[in-house]
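Chemist:
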Amino acid sequence: MEGPFVVLTGAGISAESGVPTFRGPDGLWRSFRPEDLATPEAFARDPALVWEWYDWRRQRIAACRPNPAHRVLAEMEATLPDFTLITQNVDGLHQAAGSQHILELHGNIWRVRCTRCGRVSEDRRVPLPEIPPRCQCGGLLRPDVVWFGEPLPAAVLEAAWEAAARCRWMLVIGTSALVQPAASLPVLAHRNGARLVEVNISDTPLTHLAHEVLRGPAAQVLPTWWASRRPQQ
Ligand code: BV8
Ligand code: ZN
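With positions in the sequence shown counted from 1, the corresponding number in my numbering is that position plus 1.
Put into structure tokens, the structure is as follows:
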């Protein structure tokens, strides 16, 4: 377990908590695909429809608790001297599990941002009292997440590239590795000589690069893997 350790998570780590994945069987909402709704164009065209989807997801996520895979990552952060958690998820379950320092590449579904004054605030109301929700300034609020076609927060992405470039280990958990630029982080780590461990229930475009593949549900296979690797106290 020598050297900097980086973890990249996707929707699959939250699947056993009950959060629907994006491309899994339960990923659809009223037959819309995420790529149809998670875009600035969809929001400009019909902010109420986009907010109905987010309100539905917020209500589902509010009922979900972190699972053993989230908790292992919080323990790893507390145990390993040089550890970085990068997530594509917006569900906030890593924070709920006790992870302290998280690079949220795609934002967070519990934060809202005003499209007029730019004010960012946490909003945990489920369901929302009005759709679409408005700021005190009267401006339309949007979810503080990164939509398709939008740039990722520059400082967060910069920190993620740096962590991926210098790590000796990268654990990639529950991602289909289809969304860019997140999916390029493990490729960079691998190119720089990191040991790649993939945790997934099925193959992904990264599987052929992995030195170790833990094939199975993250909440089951990750605790076992960590128990056999954790530095003895
Ligand atoms: C950008 C936040 C540039 C919102 C999300 C070609 C055409 C058009 C566009 C593109 C293109 N090529 C690249 C692009 C750009 C695009 C992109 O990548 N599109 C893809 C679809 C091809 N990317 C972007 O637009 C990004 N921005 O590039 O900007 C730019 C630069 C400067 C200036 C202007 C612009 C922005 C991407 C971010 C989009 N936002 N989410 C919201 O959540 O509402 S992405 C969304 O997908 C989620 O964040 C999610 O995390 C992410 C990735 O999905 P996964 O996490 O991998 O989840 P998925 O369901 O896919 O897979 C689940 C996996 O878990 C599976 O592998 C499954 O087997 C596994 N699993 C299931 N159960 C378990 C499990 N594993 C373990 N245990 C289990 N129990
Ligand atoms: Zn405002």
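Just so you know, even glycine gets a beta-carbon here, dropped at the ideal spot from N, CA and C.
Taking Cβ positions, are ALA165 and LEU197 nearer each other than 7 Å?
Modeler: On the sequence shown, residue 165 is found 164 positions in, with the first residue counted as 1. On the sequence shown, residue 197 is found 196 positions in, with the first residue counted as 1. Not closer than 7 Å, so no.
Chemist: Is PHE44 helix, strand or coil by DSSP?
Modeler: The residue given as residue 44 occupies position 43 in the sequence shown. Looking at PHE44 - three-state DSSP - the assignment turns out to be helix.
Chemist: May I ask you to report which of helix, strand or coil DSSP gives ASP145?
Modeler: Here the question's residue 145 lines up with position 144 in the sequence shown. Three-state result, ASP145: strand.
Chemist: ALA12 and PHE23 - do their beta-carbons sit closer together than 7 Å?
Modeler: To locate residue 23, count along the sequence shown from 1; it is residue 22. To locate residue 12, count along the sequence shown from 1; it is residue 11. Yes, the Cβ-Cβ distance between PHE23 and ALA12 is below 7 Å.
Chemist: Closer than 6 Å to a non-hydrogen atom of the ligand BV8 - does that hold for the CB of HIS107?
Modeler: If you number the sequence shown from 1, residue 107 lands on position 106. Within the cutoff, so yes.
Chemist: Give the range of the beta strand (DSSP E) segment to which GLU36 is assigned.
Modeler: Position 35 of the sequence shown holds residue 36. Segment 35-38 is the alpha helix (DSSP H) holding GLU36; no beta strand (DSSP E) there.
Chemist: Tell me the DSSP secondary structure of LEU86 in three-state form.
Modeler: Position 85 of the sequence shown, counted from the start, is the residue given in the question as residue 86. Of the three classes helix, strand and coil, the one that applies to LEU86 here is strand, per DSSP.
Chemist: Under a three-way DSSP split, which group does GLY19 fall into?
Modeler: Your numbering for residue 19 matches position 18 in the sequence shown. If DSSP states are grouped into helix, strand and coil, GLY19 belongs with coil.
Chemist: Are there any heavy atoms of the ligand BV8 lying less than 6 Å away from the beta-carbon of PRO48, as far as the coordinates show?
Modeler: Translated into the one-based positions of the sequence shown, residue 48 becomes position 47. For the ligand BV8, not one heavy atom lies less than 6 Å from the Cβ of PRO48.
Chemist: With DSSP run on the structure shown, which of helix, strand or coil describes GLY175?
Modeler: Taking the sequence shown and counting its residues from 1, the one referred to as residue 175 is at position 174. The answer is coil: DSSP assigns GLY175 none of H, G, I, E or B.
Chemist: For GLN60, tell me which candidate among ALA219, SER229, LEU179 and ARG125 has the shortest Cα-Cα distance.
Modeler: For the purposes of this step, residue 60 is identified with residue 59 of the sequence shown, where counting begins at 1. Here the closest residue by C-alpha is ARG125.
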